[in-house]
Amino acid sequence: MQFEKLTCNIGAELKDVQIRDAIDSDDLFSEIHRHLLENKVIFFRDQELTPAQHVAFASRFGALEDHPVAGSDPDNPGLVNIFKDETATPLYYENNWHADVTWRENPQKMAVLRCVQCPEVGGDTMWSNMTKAYEDLPQHIKQQIDGLYARHSIEASFGAAMPIEKRHALKAQFPDAEHPVVVTHPETGEEVLYVSAYTTHFTNFHTPDNVRYGNDFTPGHHSLLLDLVRRAAIPEYQVRWRWTPNSVAIWDNTLTQHYAVADYPPSVRQMQRAGVIGQRPVR
Ligand code: SIN
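Take 210 as the starting number for the sequence shown in the working numbering and just add one per residue.
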């Protein structure tokens, strides 16, 4: 297997390998897993992978789940269809910095995304190294956010453009989740900045010291959250992948955030994603 780093901080392409061979090979599976943890997102081109093999490969990392808004492949549960057609429907949801499904108590730990069809140019995906985003924070900000928790909401993201009744029903089914603002990766021990476009507010910013009149002052509350969410957009932390049909990206969904660039309407883009259920994030 050939290996090429794509940037100094994140991402590598693995060549001369078919990931379907890892379905039955513990050695190959371990090597891919090691590269994933070391590089946070890894890429493969020209994969001969049926939807069933896609599910079988991803399932080696753990149980898969469907998505409440994006539909799944009816023949292959756990394989989520991300499809945009020439009329730009359904809406674009993926063009913001996020880690997948952090609005769940147990967000996904990683995902395997295959390009089925894409425009000749456009529709790239970007990933950002959220360990580096945390590491480079000034010490006083690290101290300020240590111990903070924040809400992550499907209502404020996938539900945002829904009519009110539908939005409330979605929220009733998937109540907001609350996670630490900084989490520790369960395998590598790295500290990760864990707020994104799905994060609505800090939940324990109020203390007797900083609330004087009811909830009047949480000084800097909103701008602090915004500054933290914007860290993913720093180019030095990023890699950008140009898709071709049958290329695959595998990312660690705790160590990274991603952004699918929606510059391609009216072209068609079709992806299939297998997301692996993780554990509850902890500091
Ligand atoms: C996602 O947000 O998980 C999908 C990314 C993509 O479609 O490139």
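Glycine is no exception: its CB is placed at the ideal position from the N, C-alpha and C atoms.
Check your understanding: Cα separation between ASP284 and ALA261?
Key -> On the sequence shown, position 75 is the one that residue 284 refers to. On the sequence shown, position 52 is the one that residue 261 refers to. Between ASP284 and ALA261, the C-alpha separation is close to 8 Å.
Exercise for review: Classify LYS214 as helix, strand or coil using the three-state DSSP reduction.
Suggested key: Mapped onto the sequence shown, residue 214 falls at position 5. Three-state DSSP puts LYS214 in a strand.
Review point. Just the Cα atoms here: how many angstroms apart are GLU399 and THR296?
Key: Looking up residue 399 in the sequence shown gives position 190. Looking up residue 296 in the sequence shown gives position 87. Approximately 42 Å between the Cα atoms of the pair.
Exercise for review: Just jot down, in chain order, the residues whose CB lies closer than 7 Å to any heavy atom of ligand 1.
Suggested key: Every residue passing the under-7 Å Cβ criterion appears here: ILE291, GLU303, HIS307, ASP309, ALA320, LEU322, THR334, HIS467, ALA469, MET480, ARG482.
**Study point:** Spatially closest choice to ALA359 from ILE350, GLN352, THR334, ALA386, by CA coordinates
**Key:** Along the sequence shown, one-based indexing puts residue 359 at 150. It is ALA386 whose Cα lies nearest to the Cα of ALA359.
Check your understanding: Can you give the Cα-Cα distance for GLN466 and ASN304, rounded to whole angstroms?
Key -> Numbered from its first residue, the sequence shown carries residue 466 at position 257. Numbered from its first residue, the sequence shown carries residue 304 at position 95. Straight-line spacing of the CA atoms in GLN466 and ASN304 works out to 11 Å.
Point to revise | Beta carbon of ARG498 nearer than 8 Å to that of MET335 | key: Nothing about residue 498 can be reported from this structure: the residues present for the chain run from 210 to 492 only.
Practice item. Following the continuous beta strand (DSSP E) through ILE486, name the residue where it begins and the one where it ends. Key: Counting from one through the sequence shown, the residue named residue 486 turns up at place 277. Note, ILE486: beta strand (DSSP E), 478-486.
**Study point:** For VAL250 and GLY220, the rounded distance between their alpha carbons
**Key:** In the sequence shown, the residue the question calls residue 220 occupies position 11. In the sequence shown, the residue the question calls residue 250 occupies position 41. Answer to the nearest angstrom: the Cα atoms are 5 Å apart.
Check your understanding: Mapping DSSP to helix, strand and coil, what is GLU303?
Key -> Counted from its first residue, the sequence shown places residue 303 at position 94. Three-state DSSP puts GLU303 in coil, outside helix and strand.
Review point. Counting pairs of Cβ atoms below 8 Å between the region 399-411 and the region 305-314, do you hit three or more?
Key: Yes, the region 399-411 is in contact with the region 305-314.
Check your understanding: Measuring CA to CA, which of GLY484, ILE350, SER366, ASP225 is closest to ASP461?
Key -> For this step, residue 461 is matched to residue 252 along the sequence shown. Answer by Cα proximity: GLY484.
Practice item. Counting only the same chain and skipping the five closest in sequence on each side, list residues whose C-beta sits under 8 Å from that of ASP275. Key: Working through the sequence shown from its first residue, we reach residue 275 at position 66. For ASP275, where only same-chain residues beyond five positions count, the Cβ hits under 8 Å are SER281, PRO286, GLY287, VAL289.
Check your understanding: Who are the near neighbours of ILE169 in its chain, counting only those whose CB is closer than 6 Å to its CB and skipping five residues on each side?
Key -> Not covered by the structure: residue 169. The range shown for the chain is 210 to 492.
Check your understanding: Where does MET371 sit, in a helix, a strand or coil, going by DSSP?
Key -> In the sequence shown, the residue the question calls residue 371 occupies position 162. Residue state for MET371 is assigned as coil, using DSSP reduced to three classes.
Point to revise | CA nearest to the CA of ALA342, picked from ASP294, ILE350, ARG440 | key: Mapped onto the sequence shown, residue 342 falls at position 133. Taking only the C-alpha atoms, the option nearest ALA342 is ARG440.
Review point. Name the DSSP bridge partner or partners of MET319?
Key: By 1-based counting over the sequence shown, the position of residue 319 is 110. Note: MET319 sits in a beta bridge opposite ASP461, VAL485.
**Study point:** Run of the alpha helix (DSSP H) containing ALA386, from where it starts to where it stops
**Key:** Against the sequence shown, residue 386 aligns to sequence position 177. No alpha helix (DSSP H) holds ALA386; the beta strand (DSSP E) holding it covers 386-389.
Point to revise | Cutoff 7 Å; reference HIS263; Cβ partners in own chain excluding five residues on either side | key: As a working note, residue 263 is residue 54 in the sequence shown. Only LEU288, VAL321, ARG323, GLN481, ALA483 meet the Cβ criterion.
Review point. How is ALA231 classed by DSSP in three states: helix, strand or coil?
Key: For the purposes of this step, residue 231 is taken as residue 22 along the sequence shown, with counting starting at 1. In the three-state DSSP reduction, ALA231 falls in the helix class (H, G or I).
**Study point:** Cβ-based burial, LEU435 [other Cβ within 10 Å; buried from 16]
**Key:** For this step, residue 435 is matched to residue 226 along the sequence shown. Exposed is the call here.
Check your understanding: Is DSSP giving SER281 helix, strand or coil here?
Key -> Start at 1 with the first residue of the sequence shown, and residue 281 comes out as number 72. Looking at SER281 - three-state DSSP - the assignment turns out to be strand.
Review point. Within 10 angstroms of its Cβ, does LYS375 collect 16 or more other Cβ (buried), or is it exposed?
Key: As a position in the sequence shown, residue 375 is number 166, starting the count at 1. Around the beta carbon of LYS375, a 10 Å sphere encloses fewer than 16 other beta carbons of the protein chains shown; the residue is thus reported as exposed.
Review point. Given ASN218, which residues of its chain have a CB within under 7 Å of its CB, disregarding the five upstream and five downstream residues?
Key: Along the sequence shown, one-based indexing puts residue 218 at 9. ASN338, LYS341, GLU445, TYR446, listed in sequence order.
**Study point:** With 16 other Cβ atoms within 10 Å as the buried cut-off, status of VAL392
**Key:** By 1-based counting over the sequence shown, the position of residue 392 is 183. Label assigned to VAL392: buried.
**Study point:** Which of helix, strand or coil DSSP assigns to ILE241
**Key:** The residue labelled residue 241 in the question sits at position 32 within the sequence shown. The answer is helix: DSSP assigns ILE241 an H, G or I state.
Exercise for review: Drop a sphere of 10 angstroms on the beta-carbon of GLU329, count the other beta-carbons inside from all chains shown, and report buried for 16 or more, exposed for fewer.
Suggested key: Translated into positions along the sequence shown, residue 329 becomes position 120. Exposed, since its Cβ has fewer than 16 Cβ neighbours within 10 Å.
Practice item. Give the DSSP-derived three-state secondary structure of ASP425 in the structure shown. Key: The residue labelled residue 425 in the question sits at position 216 within the sequence shown. Unreliable placement is indicated for ASP425, whose pLDDT of 49 sits below 50; no coordinate value is reported for it.
Review point. Using a Cβ-Cβ cut-off of 7 Å (strictly less than) and excluding sequence neighbours within five positions of ARG489, which residues of its own chain qualify?
Key: The residue you call residue 489 lines up with position 280 of the sequence shown. Counting only Cβ-Cβ distances below 7 Å, and skipping sequence neighbours, we find GLU314, ASN315.
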